[in-house]
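Residue numbers (our numbering): 57 to 436.
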């Protein structure tokens, strides 16, 4: 018994230290990525030297995907642009070629169409030596809703696009990269991946798949010269979050797509897992310390408010125009859910203060007391 207490104390100290270091990893790696170019001039141009002259970006006509393509072009890479809107693709290709003097290849592809799309992409790629693949394409709910309100076609589309595209495109291009002994796979996921997200249930589940898939592929190809990066943003001001005017307005915690993409690209080749943006890294660090059950409740309550906000705005707009069908699903570039992390036991009390501040910022203040009542009921 004399040795049991000290042993438990040592184990507790080790576990706590590992947890703290893991929690701090994201912001520390982001800081390193920001500072490195100042100490290593010209490092920014190393993407071409390290991975080759071509990159491919899916879901690239709007939001984060578009800004990823522009940032990679600014760094000297030629671009394979893959998305479903031919007019937007042509416009983006023209903009990139004019502004940055690099080559482009346009591939029109609707990932909701299944297997034939990937055969088409493979034919169109031909022998282009794609060294960087950014799996960015994704779909989300038009607004938060319970599972049984999600049309079957929409639920399947969420799975086919969010999980199918990252799987089959990675399979296609990883083989080519491995044959050359160099390449980078960037899978853009979401902060909703590490926790259940009620009212966006299927979306969050597909993002959990992307996380697991990315980590497994990284292990498989660790010895083949392939960089596999997992990018997990939180809220970004893009069309994917158009159901909330509060999110679309942006803030210190909610960057615009251009700022986010420039920051995220700077981490490529330096960081394996990242939120991609400094304020997201800080949020991730603190919120990861909050128990999953509490984050799930916060996410559920926030989505209830986003749903109500969307309904109210739609009602106002219906007086002037036609309201879209609730079952329609827009294929957009990216969406970022509620924060994520693992259980953290005793540290939750302190970090709940941060979660409360963020909740206060995102939710109408009149609803905070309602949420407090929900928590009280949970402990009764």
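Where a beta carbon is used, it is the ideal one built from N, C-alpha and C, also for glycine.
As the structure is a computational prediction, the values presented were derived from the model and not from experiment.
Enumerate in chain order the residues of its own chain whose CB-to-CB distance from residue i is below 8 Å, with the five nearest sequence positions on each side excluded.
{"i": "residue 238", "result": "106, 107, 108, 187, 281, 282"}
{"i": "residue 143", "result": "none"}
{"i": "residue 335", "result": "308, 309, 311"}
{"i": "residue 306", "result": "293, 312"}
{"i": "residue 433", "result": "Confidence at residue 433 is low in this model, with a pLDDT of 49, below 50, so its placement is unreliable and no value can be given for it."}
{"i": "residue 267", "result": "245, 249, 250, 286, 288"}
{"i": "residue 102", "result": "325"}
Should residue i and residue j be called a contact, given that it needs their Cβ atoms to be closer than 8 Å?
{"i": "residue 316", "j": "residue 289", "result": "yes"}
{"i": "residue 262", "j": "residue 218", "result": "yes"}
{"i": "residue 310", "j": "residue 241", "result": "no"}
{"i": "residue 136", "j": "residue 192", "result": "no"}
{"i": "residue 119", "j": "residue 295", "result": "yes"}
{"i": "residue 199", "j": "residue 362", "result": "yes"}
{"i": "residue 256", "j": "residue 359", "result": "yes"}
{"i": "residue 243", "j": "residue 222", "result": "yes"}
{"i": "residue 127", "j": "residue 321", "result": "yes"}
{"i": "residue 104", "j": "residue 133", "result": "yes"}
{"i": "residue 185", "j": "residue 236", "result": "yes"}
{"i": "residue 277", "j": "residue 230", "result": "yes"}
{"i": "residue 287", "j": "residue 313", "result": "no"}
What do you get for residue i, buried or exposed, if any count of 16 or more other CB atoms within 10 angstroms of its CB means buried?
{"i": "residue 308", "result": "exposed"}
{"i": "residue 154", "result": "exposed"}
{"i": "residue 110", "result": "buried"}
{"i": "residue 246", "result": "buried"}
{"i": "residue 248", "result": "buried"}
{"i": "residue 339", "result": "buried"}
{"i": "residue 26", "result": "Because residue 26 is not part of the residues shown, which for the chain are 57 to 436, the question remains open."}
{"i": "residue 213", "result": "buried"}
{"i": "residue 170", "result": "exposed"}
{"i": "residue 319", "result": "buried"}
{"i": "residue 272", "result": "exposed"}
{"i": "residue 341", "result": "buried"}
{"i": "residue 183", "result": "exposed"}
{"i": "residue 409", "result": "Only weak support is given to the placement of residue 409: the predicted model assigns it a pLDDT of 46, under 50, and the question is left unresolved by the model."}
{"i": "residue 279", "result": "exposed"}
{"i": "residue 205", "result": "exposed"}
{"i": "residue 253", "result": "buried"}
{"i": "residue 67", "result": "exposed"}
{"i": "residue 168", "result": "buried"}
{"i": "residue 250", "result": "buried"}
{"i": "residue 324", "result": "buried"}
{"i": "residue 365", "result": "buried"}
Which residues does DSSP list as the beta-bridge partners of residue i?
{"i": "residue 339", "result": "Its beta-bridge partners do not exist; DSSP assigns none."}
{"i": "residue 286", "result": "243, 329"}
{"i": "residue 189", "result": "112, 241"}
{"i": "residue 217", "result": "Residue 217 is not bridged to any residue."}
{"i": "residue 135", "result": "111, 160"}
{"i": "residue 312", "result": "293"}
Go through its chain and collect everything with a Cβ distance to residue i's Cβ below 7 Å, but skip five positions before and after it.
{"i": "residue 130", "result": "156"}
{"i": "residue 180", "result": "163"}
{"i": "residue 176", "result": "165"}
{"i": "residue 148", "result": "116, 117, 122, 125, 137"}
{"i": "residue 303", "result": "291, 293, 297, 310"}
{"i": "residue 437", "result": "In the structure as shown, the chain begins at 57 and stops at 436. Residue 437 is therefore absent and cannot be evaluated."}
Leaving out five residues before and five after residue i in sequence, what residues of the same chain have Cβ atoms less than 6 Å from its Cβ?
{"i": "residue 209", "result": "none"}
{"i": "residue 224", "result": "174"}
{"i": "residue 141", "result": "117"}
{"i": "residue 189", "result": "112, 229, 241"}
{"i": "residue 233", "result": "239, 282"}
{"i": "residue 480", "result": "Past the boundaries of the shown model lies residue 480; the chain is included only from 57 to 436, so the question cannot be answered."}
{"i": "residue 381", "result": "A caution first: residue 381 carries a pLDDT of 42, below 50, which makes its placement in the model unreliable, though a value can still be read off. Excluding sequence neighbours, residue 381 sits near nothing in its chain."}
{"i": "residue 211", "result": "258"}
{"i": "residue 202", "result": "none"}
{"i": "residue 367", "result": "none"}
{"i": "residue 371", "result": "none"}
Report whether the distance from the Cβ of residue i to the nearest heavy atom of the ligand FMN is below 7 Å.
{"i": "residue 262", "result": "No copy of the ligand FMN appears in this structure; indeed no ligand is present at all."}
- Message: If contact is defined by three or more beta carbon pairs under 8 Å, each pair taking one atom from either stretch, is the region 351-370 in contact with the region 321-331?
- Response: no
- Query: Between the region 135-152 and the region 160-171, do three or more beta carbon pairs fall short of 8 Å?
  - Reply: yes
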